[in-house]
Every structure is written in structure tokens, then in C-alpha cells.
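A.B. asks: Please find one structure pasted underneath; my questions will follow.
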Amino acid sequence: MPSSDGSGVDRQRLQPLFDISPDAIILHDIEGTIIDVNDRTVDSLGLERAELRTMNVADVERAHSHAELRSLWRGMAPDERETVEGTHRRADGSTFPVEVSIRRIELDGDDYFLTLSRDISERKERQRTLERQAAFLEHSASIVAVLDERGTIEYQSPSVERVLGHDPDELVGETAFEYIHPEDRERVLRQFRNGLENPGLERVVEYRFRNADGEWRWLRSLGTNCLDDPSLECIIVNSVDVTARKERERELERYERLVENLPVGVYRCTAGPNGEFRLLNRSMVEMFDADSKAHLREHSVSDLYRDSAEREAFSERLADETVVREREIELETLDGEALWGAVTAIARDVGEETVFDGAIQDVTDRKAFERQLSALHGATREFVEAASKTEVAEIAVETATDLLGFSLPSVWFPTDDRTELALVANSPEHQALLEEAGTPAPTHPRGNWLWDVFEAGETVIRDSLPRDAPAADVPLRSSIVLPLGEHGVLTCAATGTTEFTDREIQLTELLARNVRVALDQIEQQTALKRQKRLIDDLLDGIDDIVYVLDSTGHLRRWNEAFETVTGYDGEALETMHIADFFGPDDADAAVEAVEEAFETGDTRMELALLTDDGESIPYEFIANTFEDPCGEPALAGIGRDRTVHVEYEQRLREQRDNLELLNQVVRHDIRNDLQLVSSYAELLDERVDDERGYVETIVESADQAVELTKTARELADVMLATEQGRAAVPLRPALEDELDAIRTAYPEATFSVEGSIPDVDVVADEMLDSVFRNLLKNAVQHNDQAAPTVTVSARTRDDEVVVYVADDGPGVPDDQKEVIFGQGEKGLESGGTGLGLYLVQTLLDAYGGAVWVEDNDPEGAVFVVTLPTAGQDVGADRSVSGT
């Protein structure tokens, strides 16, 4: 150790300190180099003194870095002291906490630092223990309070703030009893006083304590009297909040009261086929006719089963599935009465024992009701099969007697004149009472109370029948009267005063409803049968054959004419297919037509019907699809014998051929001869002077005859033409060409066009020019003016063109405006003015147009023509140019 020069700490003064100090001492310079250590340092660090003198303080201290230590040392003034906590490391690498006292001293003129290090491991452990205890008190669910003998709070653990919201410091000095509920305070005080009188005795009490929010919380407190303990001299109270437990207890009490008063049986029993009851509620006792719960516990669970095997099966199922819901089981009471119960149960382990907790709902009445409903449904099937209204009434009486338990049921129907109700069906017991009363077949006229029920249509329940009740002499006292719509009434009576239950009323109303439906069905079936007979009679009255086919083409219905024409009987027709009625050439066509009809909805075909004896008859068949009563597709059709039509069509073809021959004769032979006559007459006119008038007459008549043959030819062409010849024909060229021709033929007349002729196509054919030619000629030939004036105009309107031909002639009287075209006549003997106008109307009818005549202003006539304009479907295929 260095010596002092007298200005610092004397070495001799430090040596005793080194030798006797219980603390480890290290002398080091300002850089931390260790100068010397005492034996305690050597022992605590496990290092040799010589080794330590080669080390730096930073090699020993681990809590602070060398830089931190140098900063501390340099900041200390001479003789200044500092105390810090650190961590020293032993030679084996272990560490321990130390409290280091540092003093800056001067030795031999140099600055040194004398450090005394004390091992504070035990103190640190105590400190950690105290901290854990404080944390426990703060975070524990338990509240610790220290009271004096008066109940004044001397200490309150921090946990009181978390549990009750009180600041622990604010409670110190308060009397604990002031926070206890008034209803609990006296009881707690008695316990407290008893504890004061018995030192060392622990007391437990539960009470309500007010928290910081003013709410009451339940506390369970354990008080220990430590007043005689000199180290304590207090009363220690440990409290826990048991509010949640108290609420559960109250809830459990309410639950137990609820279970006890439930209208269903609740139980707990042991598992197994026999089982013993552990818990029972009052409903279980009442349900099984026991005297008490103890009485019921004397019996095993299997004693309550109608069939003990059912108990065994139920027990096994519950053990496997742990839960069984709404299992309906036939049970019996202790008196042996049948009882149906809907059982819901769960299996659970309580301790080392498996128990069944369950509930039983008494469904005996419901099961009986279900049986009655099932039987009633069976009766309904009988109603459906009944053949008459009387049979329905008899089934209703039998059902009311056997299934519903009524002994005096009866059914009453109105008579045909609807003046009274007559007895139709009743039970044997009811009939016996009627016969005893001398009224075996009673009736109830209009105005009687039973008739009033029938008319009102509402159920009537009477427990005291009037004197005019059914068979008033019969001792009936109660009755349910149920109207059956327009069919009558159903009565269920009793000889005594009876209060009918809601279920009895419900069942009888259901029975009455089914009876009414059955009676309605009988009437509907009767009406359908009448309707079917009527339809059959109507179909059989038709001379044409009528048939119905299914989707496979098989015959399903036919009239008498079908059998008569084909020669097959009904038994044979039932199995026949449509193809069976035609020869090889037509059978496939018939099948295809039927298949197409089911796709498109209708069909029309002409085939030769082949009869049973091999005769082939030409027939026209027309049929349409429909849905039969079962919703299946069907094909209904009619077939008409075309023998007469075929013959008529043959005659028409012959007449057409003759007409075509006549047309050729008119067109060639007669016309050529007339033209020859006209030519010779013109030659003769040049050579005759005195008889020129006769010659002119011959020429004029010949010209008219030629014109007539031309018109007749055109008319014949119209009659022989078909609709397929219609096409899109340009209007303007046809009309303009005829105007040019008529101007040449009649130079003395004036022909003008008002406006312009529309450039449109109309539906017509190559004879359209005949329409305009005949109208223009008519305007001149029947004009009484020396120089006739004819005006033509045309305009479009919607889907048609309107052409006007106006003249200044004498006009057409109103009574001739319709007959002028020969309208209403069938032949050439028309009452009109000639063939020309008849031809005009015939052509326009074929085109889909029209013609009529109006008055011109101031005089003359206007012939109006309408022609449909050609659509794309006509004009796109073909067109006809005007000539």
C-alpha cells in the first residue's frame, strides 16, 4: 500500500480498516487500476490478492461499464463520498449484488478511490419477497384488512380498489361496520363481539358491503383475533367477493322452485334397466298417482314402464347417445292406469355415478286424440268409396258411435221439395228410443229449430233441447248439431245433460266436414255421370266419327259412328293403334300426322280409312291436342267421310276442264269469226249506199261482241286462276298503259291525271290492267256527254293504295250503287250493267281489295278502288310487269 506524505490519508490509518472491515475494500486509481484489496475482497471474489492487483475495477464490476465508472470517479471532488449499487463477478463467473460506498482520497500526493463493497444478496431477496407480497395483496381476489378492537380500519390492502373500487388510504380510519348493509350489520356485529371474547378463534360471516359506486356486493370474511399477539395486536380480516356465487345460489333456488312447480314431471334416476329415483318434482308424484315423493321412490323406474323391455332399451340408448329427446313411451301409474309420456333425458356423471336427468310430458290425451284422428282418416277412406249419400250417412253414424263414443248420432237430409228434414241414418240405440216413443221415422218441417240450424249453417251446442227437438218424446237432453252444407245436418245427442269437451266438438266438426266433402263428391260424381252420359249421347248423335288418342297414338275414346264405320267392336278398339285403321300407303302418314299434332297442337289430313272388312273410304281428319283430367296430353279429333266431296271435286275438275275448253273456243274460234264478220261488214259498207245504216249496225254489234268475248275470256281466266298467282305488280305502269290505250280508243274524250300516280307495288297479277281498262271504258261508254271528261287520281293510305276514276256522266242512282257490280249474284246473270264491272269486282276480291261507287261533284260518278300494297314476302319472290 503506498504511504502518505502527510497531506492525504495516512497509510497507518487505512491498514486497520483493511484488516478488520467486514466489507470488501478495493483501493484503485482514477483509471480503475486496483492498487490493493483486503482479505474480504479476496474471499468474496475467489481471486488471489496478487491477481487482483493486476486487474481493473471494470473487470470485477458488471452492472456498470468502465466508461460509466470513470465518469463517476472524475466527477467526484476530493474526500467526496458516493454510494451506488452494482454487481460483482466471482472467479467462477457467478455474480452477486453489492452496495458500493466510494470515497475519493489522497495518498502520497496522488488521488485514489477507496471502495467498500457489501454483499446485499439477502437484502435483495427480502426486498423481492416484500414486493411479491405487496403485488399479491394488490392483485389477489382476497381483501386484507387490519382492524382494532372497535372495528376501525388500520390497514387496507390495495386489492380493495380493484374489487370494491375504494381507495385503500381513504378507508383507513373508517369504521368497517358503516359500509355493511343495514339488514346484515347487527348479525356481523354479533360475530365480531363473539370474536373479541374468544381470542384466537376464527369467525366466518357473509354479508353485503357497499362498494365505491354505492352498489351492494356480497363478501365472505374470515376474521382472526390477534389482539393478544404482542407482535400484531390487531384483528385480521380476509374477505373475498362472493356476489356471483350468491346470485347463482339465488338462481338455483328459483330454478328448484320452478322445477318443483313445472306442469311436467322432472326426475333424476340412476342408470340401468331398473334405476332408482334420486330427485322428483311434485308433477311426477301427481302424474303416477303416488301419495308422496317417498312413496314414488319406493318403486324402481322400470315399475313405471308398461313393458320393462322398453325401459332396458331406453336405458341402453341413453347411455350410448347421452341425449334422447321427445321419445314417446307407454308407461303406467302406480294404480295400473295406462299413461303415455314424451320423455326427454340426458345422461351425466355425478361423482363416480352415472345418472339420468329427464322430463316427462303426459301425452295420454294427445295419443288418444291421434288414435281418434287416425280412425277418422280411415272413415274418410270409406267415405271416398261410398256409392250413395245414404251410405255416407250410415258411415258417419257408425264413426260417431264407435270412434267418438257418441251413442245417439243421427243424420238428416232435406226432402226433395225441401220442406222438411227427414231421418236418413241413426244408431241402433237411437232408433230404439224413437220406436219406444212411437216416432220411428220423425221429420222436422221448415221453421223447426233443427231446420233453422240447417239454414243458418253454423254448429249449435245445446244442453237443454226444446220440446220440438228430434223425437221430442225421446229423453234427449244434450246435443251437438252440425250442418252439412246443402245436404242436411249431423246430430250427436245424449240422454242426460252433458258438457261436451272442446276435443269432442273438434272431432265432431272434423267428422261433419268430411261427411260434407263426401256428400259433395257424391253429388259431383252423379253430375259427372249425367254429364258423361249427355256427352256420350251427343257424340253418338254425330254422324261423323269422333275419337281421342293418347300420346302413343292408341285409341282411348270413340263414338258409335266410329264402331259403325270401321266395323270393329268396343273390345277390339280398346287395343288398337292409329296405324291399324289405314293401309300400308297411309299408315306412316297417319302416325307422322299424330306425332306432329302433339308438337304443334293440331293437324289436318286426308287419308283412306280402312274398315274391318277391307273397304277403303276417303276421310278428312281434323284434330287438336288437349290435357286429359290426369294432366296427360291427348288428341281429340273428328273424321268426315269425303266420298261425296271426292265425287263433287271430280265434277268440279270436269267442269273446269269444260270451262277451259269454252274459254279456248271463245278466245279463238268465236272471236276470230266475229272479227271476220266485222271485216266483211266494213268491206260491204264501202259498196252499199242506201242501206249503210244496217251495215253500221252490223259493224257496231260485231265490235261489241268481240269486246264481250274479250271480257268473257278474262272472266274465265279469273275463275280458273289460283291464289298462288298473286304477286307484286307495279301500279304506275299498269295504270298509265291503260290510260294511253283508252285515249287512243276514244279520242273524243278527255283523260287527265290529278297529281302523280304512286310508284308502289300492289298485290295483283297480270290481269290488273283489266281492272283499270274496264273502269275507264265504263266512264266513257255510259257517259251522256258529247266529249266525256275522265279524271284519274291515286294516293297511298296505310297498307293500301286508293285509285279514283271520276267522270262527268249521269252518275249512278243510290239504289244501283251496290248492285251495279252484280254484288250478291252467283252467275253471269248479274243485275249490274255488264260483265266489265263484274270482272272488276271479281278481280279485286281475289287481290284482297275493294271497289265501290260514289257521287261526283257537281255531277257524274267516282269509282273508288283499293289495292293492298305488296309486302316483302310477296315482292321478294316474284313480280309482274304491267302490260
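The opening residue of the sequence shown carries number 13 in the working numbering; numbering runs sequentially from there. We put the CB at the ideal spot given by N, CA and C, even for glycine.
Quick one: any contact between the region 815 to 824 and the region 865 to 879, if contact means 3 or more CB pairs under 8 Å?
C.D. replies: Contact holds: three or more Cβ-Cβ distances are below 8 Å.
A.B. asks: In whole angstroms, give me the CA-to-CA distance for G848 and M779.
C.D. replies: Within the sequence shown, numbered from 1, the residue matching residue 848 stands at position 836. Within the sequence shown, numbered from 1, the residue matching residue 779 stands at position 767. Rounded to whole angstroms, G848 to M779 spans 13 Å at the Cα level.
A.B. asks: Would you list, in sequence order, the uninterrupted alpha helix (DSSP H) runs of no fewer than 4 residues that lie entirely inside the region 541 to 618?
C.D. replies: Those alpha helix (DSSP H) runs which fall completely within the region 541 to 618 and span 4+ residues are 572 to 578, 582 to 585, 596 to 612.
A.B. asks: Could you check the C-alpha separation between K829 and D867 for me, to the nearest Å?
C.D. replies: Locating residue 829 in the sequence shown gives position 817, counting from the first residue. Locating residue 867 in the sequence shown gives position 855, counting from the first residue. Those two C-alpha atoms are separated by around 10 Å.
A.B. asks: Please report the residue range of the beta strand (DSSP E) in which D773 lies.
C.D. replies: In the sequence shown, the residue the question calls residue 773 occupies position 761. Where D773 is concerned, the enclosing beta strand (DSSP E) stretches over 773 to 776.
A.B. asks: Assign Q543 to buried or exposed, taking buried as 16 or more other Cβ atoms, counted over all protein chains shown, within 10 Å of its Cβ.
C.D. replies: Mapped onto the sequence shown, residue 543 falls at position 531. Classification for Q543: exposed.
A.B. asks: Across which residues does DSSP place T803 in a beta bridge pair?
C.D. replies: The residue you call residue 803 lines up with position 791 of the sequence shown. For T803, which the question treats as bridged, DSSP gives the partners S764, A818.
A.B. asks: Go to F381, then tell me how far its alpha helix (DSSP H) extends in each direction, as first and last residue.
C.D. replies: Residue mapping note: residue 381 aligns to position 369 of the sequence shown, counting from 1. It spans 376 to 397 - the alpha helix (DSSP H) in which F381 sits, taken as one unbroken run.
A.B. asks: CA-CA distance, L585 and F594?
C.D. replies: For the purposes of this step, residue 585 is taken as the residue at position 573 of the sequence shown. For the purposes of this step, residue 594 is taken as the residue at position 582 of the sequence shown. Distance between the alpha carbons of L585 and F594: 14 Å.
A.B. asks: Quick one, are the C-beta atoms of D811 and P742 less than 8 Å apart?
C.D. replies: The residue you call residue 811 lines up with position 799 of the sequence shown. The residue you call residue 742 lines up with position 730 of the sequence shown. Taking 8 Å as the Cβ cut-off, D811 and P742 do not qualify as a contacting pair.
A.B. asks: Leaving out five residues before and five after P800 in sequence, what residues of the same chain have Cβ atoms less than 8 Å from its Cβ?
C.D. replies: As a working mapping, residue 800 is identified with position 788 in the sequence shown. Correct list, in chain order: Y758, E760, A761, T762, A791, V792, D819, D820, G821.
A.B. asks: Looking at W424: is its Cβ nearer than 8 Å to the Cβ of G353?
C.D. replies: Taking the first residue of the sequence shown as 1, we reach residue 424 at position 412. Taking the first residue of the sequence shown as 1, we reach residue 353 at position 341. No, they are not a contact pair.
A.B. asks: Along the chain, where does the alpha helix (DSSP H) that runs through A70 open and close?
C.D. replies: Here the question's residue 70 lines up with position 58 in the sequence shown. Run containing A70: 69 to 72, per the alpha helix (DSSP H) assignment.
A.B. asks: Do F189 and G207 have their C-beta atoms within less than 8 Å of each other?
C.D. replies: Here residue 189 corresponds to residue number 177 of the sequence shown, with the count starting at 1. Here residue 207 corresponds to residue number 195 of the sequence shown, with the count starting at 1. Contact: no.
A.B. asks: Sort N237, S251, V252 by Cα distance to E245 and report the nearest one.
C.D. replies: Here the question's residue 245 lines up with position 233 in the sequence shown. Checking every option, the nearest Cα to that of E245 belongs to N237.
A.B. asks: What are the residues that DSSP puts in a beta bridge with T164?
C.D. replies: Here the question's residue 164 lines up with position 152 in the sequence shown. T187.
A.B. asks: Between D48, D625, V276, W461, which has its C-alpha nearest V375's C-alpha?
C.D. replies: As a working mapping, residue 375 is identified with position 363 in the sequence shown. The candidate whose alpha carbon is nearest that of V375 is V276.
A.B. asks: Could you check whether L496 and R474 sit closer than 8 Å to each other, using their CB atoms as the reference points?
C.D. replies: Taking the first residue of the sequence shown as position 1, residue 474 is located at position 462. Taking the first residue of the sequence shown as position 1, residue 496 is located at position 484. Going by C-beta atoms, R474 is not nearer than 8 Å to L496.
A.B. asks: Check for me: the beta strand (DSSP E) holding F108 runs from which residue to which?
C.D. replies: One-based indexing of the sequence shown puts residue 108 at position 96. 107 to 119 is the span of the beta strand (DSSP E), which, as asked, contains F108.
A.B. asks: Taking just the CA atoms, how far does L522 sit from D640?
C.D. replies: Locating residue 640 in the sequence shown gives position 628, counting from the first residue. Locating residue 522 in the sequence shown gives position 510, counting from the first residue. Approximately 33 Å, taken between the alpha carbons.
A.B. asks: Cβ atoms of G649 and A635: under 8 Å apart, would you say?
C.D. replies: Position 623 of the sequence shown, counted from the start, is the residue given in the question as residue 635. Position 637 of the sequence shown, counted from the start, is the residue given in the question as residue 649. Cβ atoms of A635 and G649: closer than 8 Å.
A.B. asks: I'd like to know if the region 51 to 62 and the region 78 to 88 are in contact, where contact means that at least 3 CB-CB pairs between them fall below 8 Å.
C.D. replies: Touching, no.
A.B. asks: For A524, I'd like the list of residues in its chain whose CB is within less than 7 Å of its CB, leaving aside the five on either flank, ordered along the chain.
C.D. replies: Numbered from its first residue, the sequence shown carries residue 524 at position 512. Excluding sequence neighbours, A524 sits near L494, L496, L502.
A.B. asks: Just to confirm the assignment, what range does the beta strand (DSSP E) spanning A350 have?
C.D. replies: Position 338 of the sequence shown holds residue 350. Segment 350 to 362, the beta strand (DSSP E) holding A350.
A.B. asks: From S314, E498, A302, pick the residue whose C-alpha is nearest to that of D428; which is it?
C.D. replies: Numbered from its first residue, the sequence shown carries residue 428 at position 416. Comparing Cα-Cα distances from D428 to each of S314, E498, A302, the minimum goes to E498.
A.B. asks: Flag this pair as yes or no: are the beta carbons of A398 and T411 separated by less than 8 Å?
C.D. replies: Taking the sequence shown and counting its residues from 1, the one referred to as residue 398 is at position 386. Taking the sequence shown and counting its residues from 1, the one referred to as residue 411 is at position 399. Not a contact, by the Cβ cut-off of 8 Å.
A.B. asks: Please tell me whether V252 and F289 are closer than 8 Å, where the distance is taken between their beta carbons.
C.D. replies: Start at 1 with the first residue of the sequence shown, and residue 252 comes out as number 240. Start at 1 with the first residue of the sequence shown, and residue 289 comes out as number 277. The answer is no: Cβ separation not under 8 Å.
A.B. asks: Which value, in whole angstroms, describes the spacing of the CA atoms of D548 and D592?
C.D. replies: Position 536 of the sequence shown, counted from the start, is the residue given in the question as residue 548. Position 580 of the sequence shown, counted from the start, is the residue given in the question as residue 592. The straight-line gap from Cα to Cα measures roughly 24 Å.
A.B. asks: By a C-beta neighbour count over all protein chains shown, 10 Å radius and 16 as the cutoff for buried, is Q518 buried or exposed?
C.D. replies: Counting from 1 along the sequence shown, the entry for residue 518 is found at position 506. So Q518 ends up on the exposed side.
A.B. asks: Could you compute how far the alpha carbon of V200 sits from the alpha carbon of R229?
C.D. replies: On the sequence shown, residue 200 is found 188 positions in, with the first residue counted as 1. On the sequence shown, residue 229 is found 217 positions in, with the first residue counted as 1. If I take the Cα positions, the gap works out to 15 Å.
A.B. asks: What does G4 pair with, by DSSP beta-bridge criteria?
C.D. replies: Not covered by the structure: residue 4. The range shown for the chain is 13 to 895.
A.B. asks: Would you call F300 buried or exposed, if buried means 16 or more other Cβ atoms sit within 10 Å of its Cβ?
C.D. replies: The residue given as residue 300 occupies position 288 in the sequence shown. The residue in question, F300, is buried, as its Cβ has 16 or more Cβ neighbours within 10 Å.
A.B. asks: Below 8 Å on the Cβ atoms is my contact criterion, and I expect L159 with I247 to pass it. Report the Cβ-Cβ distance as a whole number of Å.
C.D. replies: Locating residue 159 in the sequence shown gives position 147, where the first residue counts as 1. Locating residue 247 in the sequence shown gives position 235, where the first residue counts as 1. Indeed they touch by this definition, with Cβ atoms about 4 Å apart.
A.B. asks: Less than 8 Å between the beta carbons of A573 and I557, yes or no?
C.D. replies: Position 561 of the sequence shown holds residue 573. Position 545 of the sequence shown holds residue 557. Closer than 8 Å, so yes.
A.B. asks: Go ahead and pull the three-state DSSP assignment for E644.
C.D. replies: Translated into the one-based positions of the sequence shown, residue 644 becomes position 632. E644: coil per DSSP, three-state reduction.
A.B. asks: Distance, Cα to Cα, E575 vs Q533?
C.D. replies: Here residue 575 is taken as the residue at index 563 of the sequence shown, counted from 1. Here residue 533 is taken as the residue at index 521 of the sequence shown, counted from 1. Roughly 33 Å between the two C-alpha positions.
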